[in-house]
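All residue numbers for the sequence shown refer to the numbering used here, where the first residue is 1 and numbers rise by one. Here a beta-carbon is modelled for each residue, glycine too, at the ideal position from N, C-alpha and C. Report on the following structure.
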Amino acid sequence: MDTQVLIVGAGPVGLTLAIDLGRRGINCILLEQKAAPQFLPKMERCNARTMEIYRRLGIAQKVRDAGFPRDASMDVFIVTSLIEPPLLHLPYPSVAQAQAEIAACSDATMPLEPYQLISQYTLEPLLKSIAEILPSVSVRYGCEFISFAQDQRSVRAQVRRSDGSTAQLEAQYLVGCDGGASSVRRQLGIKLQGEANLLELRQALYRCDDLFERIPIGKGRHYHVADAHNTFLIVQDSTRHFTLHSVVNSDADMATMFEKTVAMPVKYEMLYVGKWRQNLLLADSYGRDRVFLAGDAVHLVIPTGGLGMNSGVGDATDLAWKLAATLKGWGGPRLLASYEIERRQIGDRNVAASRHAARGRRAWRAMYRPNIRDHTPEGAEARANLTRVADVEQRKSNEMIGAELGYRYVGSPIIWPEPGEGPAPNFMKYEPTTWPGARLPHLWLSDGTALHDRIGDGYTLLRLAGALSGVAALAQAFAAYGAPFSVLDIAEEHPRDIYGYDLLLLRPDLHVVWRGNRLPDDPVKLAAVATGHYG
Ligand SMILES: Cc1cc2nc3c(=O)[nH]c(=O)nc-3n(C[C@H](O)[C@H](O)[C@H](O)COP(=O)(O)OP(=O)(O)OC[C@H]3O[C@@H](n4cnc5c(N)ncnc54)[C@H](O)[C@@H]3O)c2cc1C
Numbered sequence: 001m002d003t004q005v006l007i008v009g010a011g012p013v014g015l016t017l018a019i020d021l022g023r024r025g026i027n028c029i030l031l032e033q034k035a036a037p038q039f040l041p042k043m044e045r046c047n048a049r050t051m052e053i054y055r056r057l058g059i060a061q062k063v064r065d066a067g068f069p070r071d072a073s074m075d076v077f078i079v080t081s082l083i084e085p086p087l088l089h090l091p092y093p094s095v096a097q098a099q100a101e102i103a104a105c106s107d108a109t110m111p112l113e114p115y116q117l118i119s120q121y122t123l124e125p126l127l128k129s130i131a132e133i134l135p136s137v138s139v140r141y142g143c144e145f146i147s148f149a150q151d152q153r154s155v156r157a158q159v160r161r162s163d164g165s166t167a168q169l170e171a172q173y174l175v176g177c178d179g180g181a182s183s184v185r186r187q188l189g190i191k192l193q194g195e196a197n198l199l200e201l202r203q204a205l206y207r208c209d210d211l212f213e214r215i216p217i218g219k220g221r222h223y224h225v226a227d228a229h230n231t232f233l234i235v236q237d238s239t240r241h242f243t244l245h246s247v248v249n250s251d252a253d254m255a256t257m258f259e260k261t262v263a264m265p266v267k268y269e270m271l272y273v274g275k276w277r278q279n280l281l282l283a284d285s286y287g288r289d290r291v292f293l294a295g296d297a298v299h300l301v302i303p304t305g306g307l308g309m310n311s312g313v314g315d316a317t318d319l320a321w322k323l324a325a326t327l328k329g330w331g332g333p334r335l336l337a338s339y340e341i342e343r344r345q346i347g348d349r350n351v352a353a354s355r356h357a358a359r360g361r362r363a364w365r366a367m368y369r370p371n372i373r374d375h376t377p378e379g380a381e382a383r384a385n386l387t388r389v390a391d392v393e394q395r396k397s398n399e400m401i402g403a404e405l406g407y408r409y410v411g412s413p414i415i416w417p418e419p420g421e422g423p424a425p426n427f428m429k430y431e432p433t434t435w436p437g438a439r440l441p442h443l444w445l446s447d448g449t450a451l452h453d454r455i456g457d458g459y460t461l462l463r464l465a466g467a468l469s470g471v472a473a474l475a476q477a478f479a480a481y482g483a484p485f486s487v488l489d490i491a492e493e494h495p496r497d498i499y500g501y502d503l504l505l506l507r508p509d510l511h512v513v514w515r516g517n518r519l520p521d522d523p524v525k526l527a528a529v530a531t532g533h534y535g
């Protein structure tokens, strides 16, 4: 056996999975066909949940240090150009402001970490450098995955190195994090379903050193242009690089479009132009037997709303602890089976959230009229109409905190079933809940520490407000499987008031397994459910 887990694809999802597995001491090999990370634009916003996950991996500050300045504006504008009065200006807190708001929040309605802008071309090399120093992780660029065969014991993959030589690698598990065209998915015969090729845009990357400082209408991160070309300008993390997306006929038009949007003389260099397509697709299945899929390999969304990479990071963190538990011998058969059950419903939900946001974008763009810049009563009316619709519809792209934080694993075999429906999903609003399957809402303790930070990598029974419930039987039940289990006593009243119960059983990824005021009569069954041994 060459390794325990073979990961195909060093995009943000494969790299995050390698780091999470590496931190858990699992041996893995990460294969990437490219010779090195590329300076090509794609995602640029890690959402709040991804940053919470990166905090648990101990890398959130590194991501912030490499990304957009913490005081820089996160505002979003709808404009006719960068020099004309904006049609709409939606203010959003900078990271520094958001951190101050979070520090002052005591009702669990906010995440522990706010978002962070970081361009994918900055994030990937950073994650690569972190993965490379983990002793159990081997990161191999210039290695293309070709094919695999699996049986009950292992997976054997054929790999081609950049010098043309081939090799076979044997692993206990294979994870395809190989993007939208995933060859691992295709070899499994798993199809993507949904809406493909909804729109084709060009994207260009520019270097323009003085533009950000000079934007007359105010600094922000996104400038959507009210035009017939779906044009939008994105400030990248350095504030010296920009991307523009537009529906135009040629690469050369991307220079014209940039100049038209900026509308003032600036020195710039166009570094790259490429095409990309909007899709809303979800895979029928997230793997088979010893082979799993994560990230864009199983869900493709319109970046509107930023649920592409961020959904994939959620997949990676869910899969990592389940693979580690199984490889360490304490995870039962339901643990890995629960990966698809838990994450495919979130993929489905995030495809729907992305559709919701994209429809909002389309709704205000439909209000565009060719006379929108005219200084006439008709021009003023066109501007007012577009602004009115955009003030509602554009928010759908920028304010989906419910989709980011409020997801809950419904019907999972490793979550204790609680009678009733549970809270309904809401893309736009995060309502803290400890309903089993949900992420534990973030709370500050009176000493200023975050409760999340007090919870370790195994299962944790939170015992709140001086509850005296005996836990020996539950501890013994986890010990019988060899599963890591600890009890965290929080004497303060506040967490008990917010969480609503004396006792909460948490998984390694901070999702709630069970809650109650006294342990179930059968604690052995609770441990069996949590560790994937039940049913
Ligand atoms: C314009 C644009 C803007 C976006 N903005 C956002 C955003 O703000 N927020 C967000 O969350 N998402 C955003 N996204 C989506 C985001 O970029 C993707 O969801 C993300 O890259 C998916 O990560 P991944 O690791 O699953 O796949 P990828 O990033 O596609 O990585 C897959 C990797 O696998 C490698 N690979 C493929 N085949 C093989 C093989 N056979 N052997 C070895 N290696 C292989 C590839 O070379 C690649 O490095 C945006 C996308 C676009 C196009």
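Self-check item: C-alpha distance - Ala252 paired with Met74, whole-angstrom precision
Solution: 29 Å
Quiz item: By DSSP, does Gln193 sit in helix, in strand, or in coil?
Solution: strand
Practice problem: Specify, as a first and last residue, the run of the beta strand (DSSP E) that Ile7 falls within. | Solution: 3 to 8
Quiz item: In this structure, does DSSP put Asn279 in helix, strand or coil?
Solution: strand
Quiz item: Hey, how far is the Cα of Arg349 from the Cα of Ala403?
Solution: 8 Å
Practice problem: Give the range of the beta strand (DSSP E) segment to which Arg515 is assigned. | Solution: 512 to 516
Quiz prompt | Cβ neighbour criterion (16 or more within 10 Å) applied to Ser165 | solution = exposed
Quiz item: Are three or more beta carbon pairs between the region 27 to 36 and the region 331 to 343 nearer than 8 Å?
Solution: no
Quiz prompt | Residue of Val512, Asn249, His224, Ile146 minimising C-alpha distance to Leu88 | solution = His224
Quiz item: Does Leu504 have its Cβ less than 9 Å from a Cβ in chain B?
Solution: Note that chain B does not occur in the displayed structure, where there is just one protein chain.
Quiz item: What do you reckon, is the C-beta of Lys42 under 8 Å from a heavy atom of ligand 1?
Solution: yes
Quiz prompt | Phe148 in three-state terms, based on DSSP | solution = strand
Quiz item: Is the beta carbon of Glu316 less than 9 Å from the beta carbon of Ala297?
Solution: According to the sequence as given, residue 316 is Ala; it is not Glu. Not in contact: Ala316 and Ala297 (Cβ atoms no closer than 9 Å).
Exercise. Return the CA-CA distance between Ile341 and Thr16, expressed in angstroms with no decimal places.
Key: 21 Å
Quiz prompt | Alpha-carbon to alpha-carbon, Val266 and Leu211 | solution = 7 Å
Quiz prompt | Three-way DSSP call (helix, strand, coil) for Gly347 in this model | solution = helix
Exercise. Give the DSSP bridge partners of Ala297, in chain order.
Key: Paired residues: none, contrary to the question.
Self-check item: Spatially closest choice to Asp374 from Leu57, Ile53, Pro85, by CA coordinates
Solution: Pro85
Exercise. Please name the residue, chosen from Asp237, Thr231, Ala353, Gly176, that lies closest to Arg64 on a Cα-to-Cα basis.
Key: Asp237
Quiz prompt | Counterpart residues of Asp489 in DSSP-defined beta bridges | solution = Arg463
Self-check item: Gln203: CB within 8 Å of a non-hydrogen atom of ligand 1
Solution: yes
Quiz item: With contact counted as at least three CB pairs below 8 Å, one residue from each stretch, are the region 92 to 99 and the region 384 to 395 in contact?
Solution: no
Quiz item: Would DSSP call Val63 helix, strand or coil?
Solution: helix
Quiz item: Below 9 Å between beta carbons: does that hold for Tyr409 and Leu462?
Solution: no
Quiz item: Mapping DSSP to helix, strand and coil, what is Ile78?
Solution: strand
Quiz item: For Val139, which option in Ser250, Phe148, Leu127, Ala337 has the closest C-alpha, if you only look at C-alpha atoms?
Solution: Leu127
Quiz item: Alpha carbon to alpha carbon, what distance is there between Leu300 and Ala357?
Solution: 14 Å
Practice problem: Count the other C-beta atoms from every protein chain shown that fall within 10 angstroms of the C-beta of Ala491, then say buried if there are 16 or more, exposed otherwise. | Solution: exposed
Quiz prompt | Segment contact, 8 Å Cβ cut-off, at least three pairs: the region 114 to 127 with the region 45 to 62 | solution = yes
Self-check item: Contacts around Val262, its chain only, beta-carbon distance under 6 Å, and the 5 residues preceding and following it disregarded
Solution: Leu82
Quiz item: What residue range is occupied by the uninterrupted alpha helix (DSSP H) comprising Val159?
Solution: Counting along the chain, Val159 falls outside any alpha helix (DSSP H), though it belongs to the beta strand (DSSP E) covering 155 to 161.
Practice problem: Quick one: using the 10 Å Cβ neighbour count with 16 as the cut-off for buried, is Leu293 buried or exposed? | Solution: buried
Quiz item: Is there contact between the region 103 to 111 and the region 425 to 443, where contact requires at least three CB pairs shorter than 8 Å?
Solution: yes
Self-check item: Nearest-angstrom beta carbon gap, Val13 and Gly295 [assumed within contact, 8 Å]
Solution: 3 Å
Exercise. Could you tell me whether the region 1 to 11 touches the region 145 to 160, using the rule of 3 or more Cβ pairs below 8 Å?
Key: yes
Exercise. With DSSP as the reference, label Thr243 as helix, strand or coil.
Key: strand
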